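One structure below.
Number of protein chains: 2
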Amino acid sequence: MLPERIVNTFKHIFPNKKDTFIPLHEPSFQGNEWKYVKECIDSTFVSSVGKFVDDFEKELAKFTGSKFAIATVNGTSALHISLLLAGVKENDEVLIPTLSFIATANSVTYAGAIPHFLDSEESTLGLDTEAIYSYLKEIVVLQSEIPINKKTGKRISAIVPMHTFGHPVNMDGIFKISKDFHITIVEDSAESLGSLYLNKHTGTMGKLGVLSFNGNKTITTGGGGAILTQDEELAKKAKHLTTTAKLSHKWEYTHDQIGYNYRMPNLNAAMGLAQLENLPALLEKKRNLFSIYSQAFSSFIEFKIQKEPENSKSNYWLQTLVLERGFEEQRNLILEATNASGIMTRPSWTLLHKLKPFENSPCMDLSTAESLEKRIINIPSSSNLG
Amino acid sequence: MLPERIVNTFKHIFPNKKDTFIPLHEPSFQGNEWKYVKECIDSTFVSSVGKFVDDFEKELAKFTGSKFAIATVNGTSALHISLLLAGVKENDEVLIPTLSFIATANSVTYAGAIPHFLDSEESTLGLDTEAIYSYLKEIVVLQSEIPINKKTGKRISAIVPMHTFGHPVNMDGIFKISKDFHITIVEDSAESLGSLYLNKHTGTMGKLGVLSFNGNKTITTGGGGAILTQDEELAKKAKHLTTTAKLSHKWEYTHDQIGYNYRMPNLNAAMGLAQLENLPALLEKKRNLFSIYSQAFSSFIEFKIQKEPENSKSNYWLQTLVLERGFEEQRNLILEATNASGIMTRPSWTLLHKLKPFENSPCMDLSTAESLEKRIINIPSSSNLG
Chain A
3 MLPERIVNTF KHIFPNKKDT FIPLHEPSFQ GNEWKYVKEC IDSTFVSSVG KFVDDFEKEL
63 AKFTGSKFAI ATVNGTSALH ISLLLAGVKE NDEVLIPTLS FIATANSVTY AGAIPHFLDS
123 EESTLGLDTE AIYSYLKEIV VLQSEIPINK KTGKRISAIV PMHTFGHPVN MDGIFKISKD
183 FHITIVEDSA ESLGSLYLNK HTGTMGKLGV LSFNGNKTIT TGGGGAILTQ DEELAKKAKH
243 LTTTAKLSHK WEYTHDQIGY NYRMPNLNAA MGLAQLENLP ALLEKKRNLF SIYSQAFSSF
303 IEFKIQKEPE NSKSNYWLQT LVLERGFEEQ RNLILEATNA SGIMTRPSWT LLHKLKPFEN
363 SPCMDLSTAE SLEKRIINIP SSSNLG
Chain B
3 MLPERIVNTF KHIFPNKKDT FIPLHEPSFQ GNEWKYVKEC IDSTFVSSVG KFVDDFEKEL
63 AKFTGSKFAI ATVNGTSALH ISLLLAGVKE NDEVLIPTLS FIATANSVTY AGAIPHFLDS
123 EESTLGLDTE AIYSYLKEIV VLQSEIPINK KTGKRISAIV PMHTFGHPVN MDGIFKISKD
183 FHITIVEDSA ESLGSLYLNK HTGTMGKLGV LSFNGNKTIT TGGGGAILTQ DEELAKKAKH
243 LTTTAKLSHK WEYTHDQIGY NYRMPNLNAA MGLAQLENLP ALLEKKRNLF SIYSQAFSSF
303 IEFKIQKEPE NSKSNYWLQT LVLERGFEEQ RNLILEATNA SGIMTRPSWT LLHKLKPFEN
363 SPCMDLSTAE SLEKRIINIP SSSNLG
């Protein structure tokens, strides 16, 4: 039986974990986390001002090769602000994958816009840029260079490629869509810190990009996120909007627009700075874990272990087992068997277009995502397993 | 000269701080902050799940006498969710003081509603409930018990009393407004943790109440807030809305409405739990600081030190010097002289109705707030000064 064979393989891979619960992803605190956090508490600067949040932003920019990085309270808030800065207005449509975490869709609604759902492809688990191009050819009309959805009459203002489980999307395809249809790119790189597309860090190729440091991510700040951009003006605006749009003054409290309380606290940034120092080592272990899984599961014909796309380097955030077509009915059996054995696994998110708040949102044919949803299983991915 | 006399009095009060900068408010970490934060890091549960956030909520409920407390990422997010749960809908009007921090107004706009600005009174620095009652008598018409602003045609769905600098608003006046005009109360207690009105904790008297644990507050979690409510259904909804509206399931990711990523991280709650243990001691010191200031400045006829209202107990979050009418032109001179001497002071926030985003919002006569704005100076208020 397939589920039992999988469970036994896990037990073989991790002989020391036989009686231990193996979580899907746990953080690793092996470096200066405690030292910096203590230093932060000792300084009393634990909140919205402090050296750690500035240092964290600098080091994040350096690591990703981004000109600017603005730390936020979480990835969702970073997405919200990035969409606003990308020019998304009320009643616009924003193109997003249906195969994503709900933050991608929610942030579109926070900006007053409507998510328009796109299909994914097998090779990257991210947006199927060829199919999307053909779809847009059909439904988009350019009016003075503004892309309008012919069916709804609404402007399509942005496309949000999400690098699923850390695997980079086919960005060349996204660039072509952006250029030909005049649609702004906001990269949802919440899952892909450390992932490269043609040697460029994910999140640095769109007008804005977004990172997340939630507890289940490659590195964590407890809760946190960041906005990446190469444009100094946008960086300034991002900082302004995430800090209640307060105008700088020696004592006056004046705000020139509706802003947000989205600044990452210094306490959380202190942890993030230490995590960032260890990131190269964590990434190596996660890559190593992929090799271990690939080898251990190589004889299974019922599924493959998701591999980084060609021309890309993945951070292998969440290791993924993708069942071959025809084995869909095995998914729940495998989830039952592994979780019952203390090996935490989970399926894909429920596709966003199927959720109640988005039932009536526009979408293209989503048959590959529909199929992938039935075949994806995420398996334990913590760096300490590699 | 008044400014110099004030500076000299500060130097006399704090002889050991002669060459030290005295901030407006700094946190105090004298208890288990390090211990709990380290325990949190060691457990690896630093993010949205963990024992500290549950314990923090329980202890917060116990301290305030609230049936339920739901920890959030900051006070602004707590206000946003509270307004939604109070039934505020798009295009409604929400009654708020013009003399408040911008979060009060911003959260109204996040809910899609319009802030409607109210005047304050000298005795509490909070809403002038008598003047407001008369104003509402004029502009409100009840249509099947729904309060409609006759001038704008919009529904007035909530009133948000804010306990300014920790001093409780005249809640009896607010209750009468709520009852007679069918307007729901959401208490903005961001500044008043530890403040009581007739022995009831601020934030527990409205349908929902809000706390803040920003770095400048009486206790801090780095960044954080909480929603208080006495209604179990609302508490459940608050938890649901602040955790992306995800339905509980052993592995599925399904969400039944537009939710928010507003959960306080366990790391921040660990700090909060330790801070809460010290809160009674901190409050005592802050009360003591008020006595010190009252005594030291008792001979000044140009201003008074703001005292807790009758029938109320204030947390004395921010100590406040209120200039008598006629001394308005001294405000900036005092701000200049004190800040130049390393004694941090600041004026009132710019009144909200004067800010660009709210210029066209409805408002009553705001002359007391207008006058207070020119006469308020917040002076150093850290617990360690008391």
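Protein sequences, first through last, are from chains A and B. Heads up: take any position in the first sequence, counting from 1, add 2, and you land on the working numbering. Heads up: take any position in the second sequence, counting from 1, add 2, and you land on the working numbering. Yeah, the Cβ is synthetic: ideal placement off N, Cα and C, and Gly gets one too. As the structure is a prediction and not an experimental result, all values here were calculated from the model.
Excluding residues up to 5 positions away in sequence, A71, A228, L278 lie with their Cβ nearer than 7 Å to the Cβ of L62 of chain B in the same chain. Residues of the region 241-263 of chain B that bring their beta carbon within less than 9 Å of a beta carbon in chain A comprise T246, A247, K248, K252, W253, E254, Y255, T256, H257, D258, Q259, I260, G261, Y262, N263, in sequence order. The CB of G155 of chain B never comes closer than 8 Å to any CB in chain A; the least such distance is about 21 Å. Taking 9 Å as the CB threshold, R377 of chain B stays off the interface with chain A. For I83 of chain B, there are no C-beta contacts with chain A under 8 Å, since the nearest C-beta of that chain is about 13 Å from it.
Under the Cβ criterion (8 Å, minimum of three pairs), the region 243-252 of chain A does not count as touching the region 216-228 of chain A.
Taking 9 Å as the cut-off, the Cβ atoms of N218 of chain B and R157 of chain B do not count as close. When secondary structure is reduced to three states using DSSP, R377 of chain B falls in the coil class, being assigned neither helix nor strand. Interface flag for M266 of chain A against chain B is set, since a Cβ pair is found closer than 9 Å.
Of all residues in the region 28-56 of chain A, those with a C-beta nearer than 7 Å to a C-beta of chain B are E28, P29, F31, E35, W36, V39, K40, I43, T46, V48, S49, S50, reading in chain order. Cβ neighbours of I15 of chain B within its own chain (closer than 7 Å, five residues either side excluded): I294, A298. For M164 of chain B, the nearest beta carbon of chain A is not closer than 9 Å to its own beta carbon. Excluding five sequence positions before and after V142 of chain B, the CB atoms of its chain that fall closer than 8 Å to its own CB belong to P149, I150, N151, K152, I158, F183, given in chain order.
With contacts defined by Cβ atoms closer than 9 Å, L127 of chain A and I221 of chain A do not form a contacting pair. Within the same chain, L87 come within 7 Å of K239 of chain A by CB-CB distance, once the 5 residues on both sides are set aside. Every unbroken stretch of the alpha helix (DSSP H) spanning 4 or more residues and falling wholly within the region 32-91 of chain A is given here in chain order: 35-45, 53-66, 77-87.
T100 of chain B is outside the set of residues whose beta carbon lies under 9 Å from a beta carbon in chain A. Taking 9 Å as the threshold, the shortest C-beta distance from F58 of chain B to chain A does not fall below it.
Listed by position along chain B, the residues whose Cβ is nearer than 7 Å to that of T222 of chain A are V48, S49.
Within the region 226-265 of chain B, the complete beta strand (DSSP E) runs of at least 3 residues fall at 227-231.
Rounded to whole angstroms, K19 of chain B and T340 of chain B show a C-alpha spacing of 13 Å. Taking all protein chains shown into account, I303 of chain A has fewer than 16 neighbouring C-beta atoms within 10 Å of its C-beta and is therefore exposed. The closest CA to that of F305 of chain B, considering only B:L320, B:L325, B:I185, is found on B:L325.
Residues of the region 347-369 of chain A with a Cβ closer than 7 Å to any Cβ of chain B, in chain order: R348, P349, W351, T352, L357, K358, P359.
Runs of the alpha helix (DSSP H) lying entirely within the region 131-200 of chain A and spanning at least 4 residues, in chain order: 131-141, 173-183. In this chain, the beta strand (DSSP E) harbouring S214 of chain B covers 210-214.
Scanning its chain for C-beta atoms nearer than 6 Å, with the 5 sequence neighbours on each side dropped, one finds around A272 of chain A the residues Y38, V39, C42, F54, in chain order.
At least 9 Å separates the CB of F16 of chain A from every CB of chain B. Chain B has no Cβ within less than 9 Å of the Cβ of F23 of chain A. T78 of chain A has a beta carbon lying within less than 9 Å of a beta carbon in chain B. Taking one beta carbon from each stretch, the region 303-322 of chain B and the region 349-367 of chain A have fewer than 3 pairs nearer than 8 Å; the two do not touch. Across the structure, R377 of chain B and T244 of chain B are spaced so that their CA atoms are roughly 39 Å apart.
For V75 of chain B, the closest Cβ of chain A is nearer than 9 Å. When C-beta distances to chain A are compared with 8 Å, the residues of the region 195-220 of chain B below that value are N216, G217, N218, in chain order. Within 7 Å of the CB of I104 of chain A, the CB atoms of chain B belong to T246, H257, in sequence order along the chain. Under the three-state reduction of DSSP output, F292 of chain B falls in the helix class.
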